[in-house]
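Since the structure comes first, as structure tokens, the remarks are kept for the end.
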Amino acid sequence: MLVDKKQTVYLRVGLTGLAIEPKQIAPINLALVIDKSGSMQGEKIRHAKNAAIMMVEQLHEDDVIAVVTYNHHAEILLPAMKIQNKKQIITAINDLTASGQSALFDGIEKGGKEIRKFWDRKRVNRIVLVSDGLANVGPSSPAELGVLGAALGKENIVVTTIGLGLGYNEDLMTNLAKKSDGNHAFAEKSTDLAHLFNYELGDILSVVAQEVVVTIIGVGGTLPLRVLGRDVQVQEQQVSVILNQLYSEQEKYVLLELEVPPANQERAIAGVAVVYRNMDTDTMQRFSNIVTATFTDSPQLVEEKTNAAVMAAAIEQLAIKKNQLAVKLRDEGSIKEARQVLLENAHNLAEEAAKYESNTLKKLRDININDADNLDEKNWIKQRKSMRHQQYKSQTQQRY
Numbered sequence: 000m001l002v003d004k005k006q007t008v009y010l011r012v013g014l015t016g017l018a019i020e021p022k023q024i025a026p027i028n029l030a031l032v033i034d035k036s037g038s039m040q041g042e043k044i045r046h047a048k049n050a051a052i053m054m055v056e057q058l059h060e061d062d063v064i065a066v067v068t069y070n071h072h073a074e075i076l077l078p079a080m081k082i083q084n085k086k087q088i089i090t091a092i093n094d095l096t097a098s099g100q101s102a103l104f105d106g107i108e109k110g111g112k113e114i115r116k117f118w119d120r121k122r123v124n125r126i127v128l129v130s131d132g133l134a135n136v137g138p139s140s141p142a143e144l145g146v147l148g149a150a151l152g153k154e155n156i157v158v159t160t161i162g163l164g165l166g167y168n169e170d171l172m173t174n175l176a177k178k179s180d181g182n183h184a185f186a187e188k189s190t191d192l193a194h195l196f197n198y199e200l201g202d203i204l205s206v207v208a209q210e211v212v213v214t215i216i217g218v219g220g221t222l223p224l225r226v227l228g229r230d231v232q233v234q235e236q237q238v239s240v241i242l243n244q245l246y247s248e249q250e251k252y253v254l255l256e257l258e259v260p261p262a263n264q265e266r267a268i269a270g271v272a273v274v275y276r277n278m279d280t281d282t283m284q285r286f287s288n289i290v291t292a293t294f295t296d297s298p299q300l301v302e303e304k305t306n307a308a309v310m311a312a313a314i315e316q317l318a319i320k321k322n323q324l325a326v327k328l329r330d331e332g333s334i335k336e337a338r339q340v341l342l343e344n345a346h347n348l349a350e351e352a353a354k355y356e357s358n359t360l361k362k363l364r365d366i367n368i369n370d371a372d373n374l375d376e377k378n379w380i381k382q383r384k385s386m387r388h389q390q391y392k393s394q395t396q397q398r399y
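With numbering that gives the first Met the number 0 applied, the sequence shown corresponds to residues 0 to 399, in that order.
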């Protein structure tokens, strides 16, 4: 860093799950929450049932499953039980029919109650929601569903949301997932459900750590300013970020913007501590490190020593904020302004991709150009869902 100058830097704390053997896979405690309102009739409910059955067929005897369905009210189609009679479970799912309105909040609440019957730190406790419509019975706003997601997350119950078709509320679905550190996906067609369920099951079967807490403390006057990509509040010198689950051979990261005061010699600027529950050993494990900076009066040396991976991650997260601004402008009817934001974003991403040799930034540039081309009334409903999914995927380092 430059000597005797206050400056802003980015600190990236990356966590990658270790590879695991089949015998190390943690037992599962799963609640499938399936929308059976009237809009799900026909192909949608058929493909939802097929995807759910595909997931059941891959579970093991010690795993637990519950199936909750909802229309104008939620009901427990199959109470939480161990996978000992797959035929019984599959028969129950096949008997599903669709009609009525959509009590989504009630469905998630009942899913949580079923999870609690077998809740265990040694298990992967997860709700998977499939819905094609708006929540129109009971609490229905993104904020209200976000509160429910956050409450479940505190219990180490993760909620994954899959929005089907063009009628669901993507702000609600992403907020519910994000507050519990789950996944979110957009299934444009009902035929997409099978491979999305397969991706989701892949994550569920590869959880290597839970209750992950990353704590970063500014040292020697260094101030944490903001966490990029995650809804976390900075408290004076300290930031704590909870990542409910970490997957085998996948990386999640916490990206923090720091303000470093003037200095002229090497010194510590931050302390990092990570605590997590190892699912293989069922023990809490801890490690920590000190982040140091060296100071120089050579801008060229600063440029040479810049960490390209960290800068690419920071640029990606800042670009996502611009993309979110474009959605807001388009929602307000400012199509021209939204398109301009996206094209400027794409131009900046192209420059930074070349500078840091980042394929991720190149792909994000192409995505922003495509977004800019699809802001008209004809494409907007579908495009908005696609943009919110991509934003969520980038912010949370989701695999699919």
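For glycine and all other residues, C-beta sits at the position ideal for the given N, C-alpha and C.
Quick caveat, the model's predicted, so the values are computed rather than measured.
Three-state secondary structure assigned by DSSP to residue i
{"i": "Gly-152", "result": "helix"}
{"i": "Leu-374", "result": "coil"}
{"i": "His-388", "result": "helix"}
{"i": "Leu-254", "result": "strand"}
{"i": "Asp-34", "result": "strand"}
{"i": "Ser-140", "result": "coil"}
{"i": "Leu-29", "result": "strand"}
{"i": "Gln-87", "result": "helix"}
{"i": "Phe-286", "result": "strand"}
{"i": "Leu-128", "result": "strand"}
{"i": "Leu-147", "result": "helix"}
{"i": "Gln-396", "result": "coil"}
{"i": "Leu-95", "result": "coil"}
{"i": "Met-0", "result": "coil"}
{"i": "Val-233", "result": "coil"}
{"i": "Phe-117", "result": "coil"}
{"i": "Arg-276", "result": "strand"}
{"i": "Ser-189", "result": "helix"}
{"i": "Ile-19", "result": "coil"}
{"i": "Leu-133", "result": "coil"}
{"i": "Gly-166", "result": "coil"}
{"i": "Thr-293", "result": "coil"}
Span of the beta strand (DSSP E) around residue i
{"i": "Arg-11", "result": "6-15"}
{"i": "His-194", "result": "Where His-194 is concerned, there is no enclosing beta strand (DSSP E), although the alpha helix (DSSP H) it sits in stretches over 192-203."}
{"i": "Leu-227", "result": "222-227"}
{"i": "Leu-46", "result": "Reading off the sequence shown, one finds His at residue 46, where the question assumed Leu. That residue, His-46, is in no beta strand (DSSP E); its alpha helix (DSSP H) goes 42-56."}
{"i": "Gln-209", "result": "206-217"}
{"i": "Pro-78", "result": "73-81"}
{"i": "Leu-300", "result": "Premise fails: Leu-300 lies in the alpha helix (DSSP H), 298-304, not in any beta strand (DSSP E)."}
{"i": "Leu-163", "result": "157-163"}
{"i": "Ile-64", "result": "63-69"}
Alpha-carbon to alpha-carbon, residue j and residue i
{"i": "Ala-311", "j": "Ile-289", "result": "22 Å"}
{"i": "Glu-235", "j": "Val-271", "result": "15 Å"}
{"i": "Gln-209", "j": "Met-283", "result": "9 Å"}
{"i": "Ile-52", "j": "Lys-381", "result": "28 Å"}
{"i": "Glu-20", "j": "Glu-265", "result": "43 Å"}
{"i": "Tyr-167", "j": "Ala-184", "result": "12 Å"}
{"i": "Ala-71", "j": "Asn-182", "result": "The sequence shown places His at residue 71, rather than the Ala named in the question. Their backbone Cα atoms lie some 25 Å apart in a straight line."}
{"i": "Val-211", "j": "Glu-376", "result": "42 Å"}
{"i": "Ile-107", "j": "Gly-137", "result": "12 Å"}
{"i": "Val-127", "j": "Ile-92", "result": "15 Å"}
{"i": "Ile-405", "j": "Leu-58", "result": "In the structure displayed, the chain extends from 0 to 399; residue 405 sits before or after that span and is not available."}
{"i": "Asn-358", "j": "Ala-318", "result": "15 Å"}
{"i": "Lys-335", "j": "Glu-315", "result": "23 Å"}
{"i": "Lys-4", "j": "Lys-320", "result": "28 Å"}
{"i": "Asp-202", "j": "Tyr-246", "result": "6 Å"}
{"i": "Met-54", "j": "Tyr-399", "result": "17 Å"}
Whole-Å CB distance - residue i paired with residue j, under 8 Å assumed
{"i": "Leu-159", "j": "Arg-125", "result": "First, the amino acid is wrong: residue 159 is Thr here, not Leu. Between Arg-125 and Thr-159 the Cβ distance is about 7 Å, and since that is below 8 Å, they are a contact."}
{"i": "Val-63", "j": "Met-80", "result": "7 Å"}
{"i": "Leu-342", "j": "Glu-351", "result": "Not confirmed; about 15 Å, so no contact."}
{"i": "Ala-65", "j": "Ala-102", "result": "About 17 Å separates the two Cβ atoms, so there is no contact after all."}
{"i": "Leu-163", "j": "Val-213", "result": "No, Leu-163 and Val-213 are not in contact; Cβ-Cβ is about 33 Å, not under 8 Å."}
{"i": "Val-238", "j": "Pro-223", "result": "5 Å"}
Residue i, enclosing alpha helix (DSSP H) - first and last residue
{"i": "Arg-338", "result": "334-355"}
{"i": "Asp-170", "result": "169-179"}
{"i": "Ala-312", "result": "307-330"}
Determine contact between the region 44-52 and the region 5-14, defined as no fewer than three beta-carbon pairs at a distance below 8 Å.
-> no
Three or more C-beta pairs closer than 8 Å, one from the region 137-155 and one from the region 295-302: is that the case here?
-> no
Does the count of Cβ pairs from the region 358-374 and the region 330-348 closer than 8 Å reach three?
-> yes
Are the region 238-257 and the region 193-208 touching by the rule of at least three beta carbon pairs closer than 8 Å?
-> yes
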